[in-house]
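Shown next, in structure tokens, is the structure this report addresses.
Numbering (UniProt numbering), first residue to last: 1 to 787.
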């Protein structure tokens with residue numbers, strides 16, 4: 001159905017024209033999008049929204065921009081194949097503002113990521129007293145260097161070398177190298193001091209005294225003395241000795257202390273690449289504490305000594321942004337008036353976008369997906385760039401209903417400065433501001449990938465599509481709620497902005513924890529509830545895995561499946577792994593062959609030997625229930641559940657995992673589908689399904705409605721009800737009013753964000769919250785349920 005006739009006619013220069021898009025599940029989709037307008041893409045999770053917006057339109061825009069660089073420069077860029085689409089016309093430069101967490105680089109903060117720190121450094125270099133130097137003197141990423149070097153000068157027609165001294169004044173703390181923290185080792189996690197080395201005192205993975213390590217250690221240390229009785233020198237040798245040659249049983253070997261050995265063999269690796277038991281050990285053994293030299297500020301004493309109105313740049317960066325904005329407005333030096341105006345505008349944008357509770361020294365790696373997306377947005381507000389395409393992935397993520405109106409204003413502001421704004425979104429409040437709406441569906445996965453509607457919001461409301469029918473849906477408050485069977489008592493909670501909170505979190509019910517962004521919800525629940533025994537937490541962290549990862553590998557489903565194939569055919573399970581012995585010899589199990597074209601971009605093509613099936617031809621001769629391993633990986637979750645439940649191919653362990661995946665509404669996903677192709681909602685539900693298989697009594701879910709269409713939220717609530725009805729306790733941190741209305745108990749934090757929050761402003765049933773009417777959540781929930 002289409003309402004496109006109501007859109008003002010324009011020539012092709014005012015349109016982004018897509019014809020024949022087939023990326024992922026798109027079924028030859030064709031659509032025309034008006035430029036310099038705000039277009040919202042909606043539809044159930046997995047319907048193809050991201051495939052059209054990100055994998056087709058934005059991807060081709062970025063690929064074409066990369067092609068403007070020289071072949072030499074392109075050689076350093078990742079390969080970007082052309083999307084599977086017949087025609088793409090009218091593209092503009094795409095600026096993607098997605099939910100990907102900002103890098104966890106320890107040197108990256110909210111201030112450095114948004115250039116606010118750069119502006120503050122200039123202000124302090126001009127106004128700070130005592131004056132200590134250029135803006136670099138206030139940067140924790142620039143070290144102070146003093147030295148001398150030779151320079152070549154021309155004197156009297158001759159080249160003469162002269163030695164000159166130089167000095168670079170940076171603000172970096174030398175103790176922590178600008179990181180703010182120093183790492184130390186928890187010695188009780190390295191060894192048991194009551195035991196001897198021979199008795200297995202060392203707790204470090206791989207340091208068994210039964211083999212070669214035992215002989216090496218015996219060459220330098222006593223094996224039969226408890227470590228608590230070691231001399232200071234023996235303890236130093238055990239922990240800190242640098243590599244040196246020793247003789248063990250007449251053989252020259254190298255001995256190295258535990259700590260340097262751990263640094264080289266474990267800490268030099270990416271945490272996500274570690275084996276699970278190594279990662280768990282590192283998390284236990286490494287302790288980070290504020291740097292004693294700079295007290296965690298990252299800056300050296302010189303940078304901290306220069307002050308404006310009694311405050312150093314470190315103290316200014318530690319302020320809540322709402323307070324900092326007021327402080328900046330008090331700077332009245334006419335020499336920096338334009339800079340102060342620019343800085344004030346940026347800080348006001350933080351407040352307007354609902355991030356005023358942050359501080360500039362907050363590490364970017366600690367931001368949630370929603371906070372990361374809004375922080376990225378700050379960079380583009382007030383930009384001189386026009387006629388670009390800004391692409392947003394559900395900007396309502398992490399936003400309380402109170403904050404959504406401000407986000408809408410910012411999206412419209414980007415449009416009104418002459419840009420095309422493309423938004424993937426589910427919330428009715430954001431769909432309502434669209435100039436143009438595109439709904440994909442009608443279902444998810446193979447059942448989606450089609451244009452169900454294109455036109456105005458009014459046209460969508462009257463269209464009869466799944467979104468159109470639900471656009472004005474309103475939840476009803478429960479007449480009766482389930483009684484609590486107990487409670488987790490939290491007393492004196494003071495993490496981050498919490499102000500000595502005392503609260504009982506009820507058990508045996510569905511409990512929703514609400515409040516504006518920054519009110520203290522995550523601090524309360526993840527800081528005090530998730531750490532309790534028997535509690536399983538599903539947070540918003542991204543799913544980690546290689547390009548070969550898929551739902552079958554991520555869930556552990558392939559382990560029993562490989563065992564069943566091996567048993568049925570009398571061969572080894574490793575044959576049925578594309579990452580092991582069963583891999584196609586040509587593509588090594590990747591399914592694609594990568595061709596290095598030197599300076600040109602690397603090219604990928606489907607492997608001609610296995611035709612993308614990833615397995616050796618001989619492996620595909622083995623079957624289970626009439627299907628080979630490649631055919632099994634092509635099954636959807638629902639199809640696989642039926643297959644592994646059938647008598648001739650029954651695998652009970654696999655069926656149990658598949659039941660969990662189907663229950664959370666992702667029965668349409670293929671077992672072998674790459675994790676990188678999953679939408680945000682699909683990834684969230686995949687994680688939930690895995691954690692539901694664990695024998696837990698309490699489940700903590702962090703905004704489980706993220707990425708879910710209005711229709712999908714109903715299914716989610718059904719899953720949560722089944723968990724509670726089976727005797728479990730479910731605690732959700734949520735902003736979605738439909739989830740709030742369905743809860744048995746609500747704990748509302750506030751009244752505001754940052755230091756204006758941190759208290760429990762209400763605890764009771766949803767009906768009591770609406771009747772109370774005194775909090776922001778109460779007012780928005782009342783408006784929602786009343787229609």
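Positions of the beta carbon are idealized from the N, C-alpha and C atoms, including for glycine. Just so it is clear, the structure is predicted and the values come from calculations on it, not from any experiment.
Cutoff 8 Å; reference residue i; Cβ partners in own chain excluding five residues on either side
i           : result
residue 296 : 180, 181 and 290
residue 99  : 369, 370, 372, 373, 393, 394, 397 and 680
residue 80  : 59, 62, 63, 66 and 601
Neighbour-count burial assignment, residue i, 16 or more Cβ in a 10 Å radius
i           : result
residue 733 : buried
residue 531 : exposed
residue 687 : buried
residue 292 : exposed
residue 497 : buried
residue 743 : buried
residue 233 : exposed
residue 409 : exposed
residue 665 : buried
residue 72  : exposed
residue 798 : With the chain represented from 1 up to 787, any question about residue 798 goes unanswered, as that position is not in the structure.
residue 613 : buried
residue 112 : buried
residue 284 : exposed
residue 212 : exposed
C-alpha distance - residue i paired with residue j, whole-angstrom precision
i           : j           : result
residue 37  : residue 122 : 37 Å
residue 750 : residue 29  : 45 Å
residue 85  : residue 435 : 25 Å
residue 582 : residue 619 : 6 Å
residue 360 : residue 280 : 31 Å
residue 313 : residue 265 : 38 Å
residue 784 : residue 501 : 29 Å
residue 95  : residue 646 : 49 Å
residue 155 : residue 167 : 25 Å
residue 148 : residue 164 : 5 Å
residue 563 : residue 522 : 41 Å
residue 790 : residue 337 : Residue numbering for the chain in the displayed model covers 1 to 787; residue 790 lies beyond these limits and cannot be assessed.
residue 715 : residue 726 : 17 Å
residue 580 : residue 653 : 22 Å
Among the options, the one whose alpha carbon lies nearest that of residue i
i           : options               : result
residue 348 : 336, 334, 320 and 372 : 320
residue 669 : 428, 444 and 241      : 444
residue 43  : 448, 93 and 231       : 448
residue 675 : 692, 554 and 430      : 554
residue 747 : 714, 605, 718 and 519 : 519
residue 677 : 154, 50 and 752       : 50
residue 173 : 35, 329 and 137       : 137
residue 57  : 70, 69 and 41         : 41
residue 189 : 125, 251 and 282      : 282
residue 483 : 472, 510, 473 and 465 : 510
residue 729 : 364, 529 and 401      : 529
residue 18  : 552, 87, 257 and 535  : 87
residue 257 : 277, 468, 207 and 425 : 207
residue 245 : 238, 351, 225 and 254 : 254
residue 524 : 504, 53 and 345       : 504
residue 507 : 466, 53, 515 and 487  : 487
Neighbourhood of residue i by C-beta distance below 7 Å, restricted to the same chain and skipping five residues each side
i           : result
residue 119 : 339, 342 and 343
residue 333 : 127
residue 622 : 565, 569, 571 and 628
residue 318 : 359 and 361
residue 225 : 196
Proximity of residue i and residue j at Cβ, strictly below 8 Å
i           : j           : result
residue 569 : residue 671 : no
residue 299 : residue 354 : no
residue 15  : residue 33  : yes
residue 660 : residue 636 : no
residue 560 : residue 566 : no
residue 192 : residue 198 : no
residue 644 : residue 662 : no
residue 772 : residue 778 : yes
residue 175 : residue 143 : no
residue 539 : residue 585 : no
Cβ shell of residue i (< 6 Å), same chain only, five flanking positions each side left out
i           : result
residue 48  : 25, 26, 440, 448 and 449
residue 593 : 587, 605 and 607
residue 414 : 390 and 421
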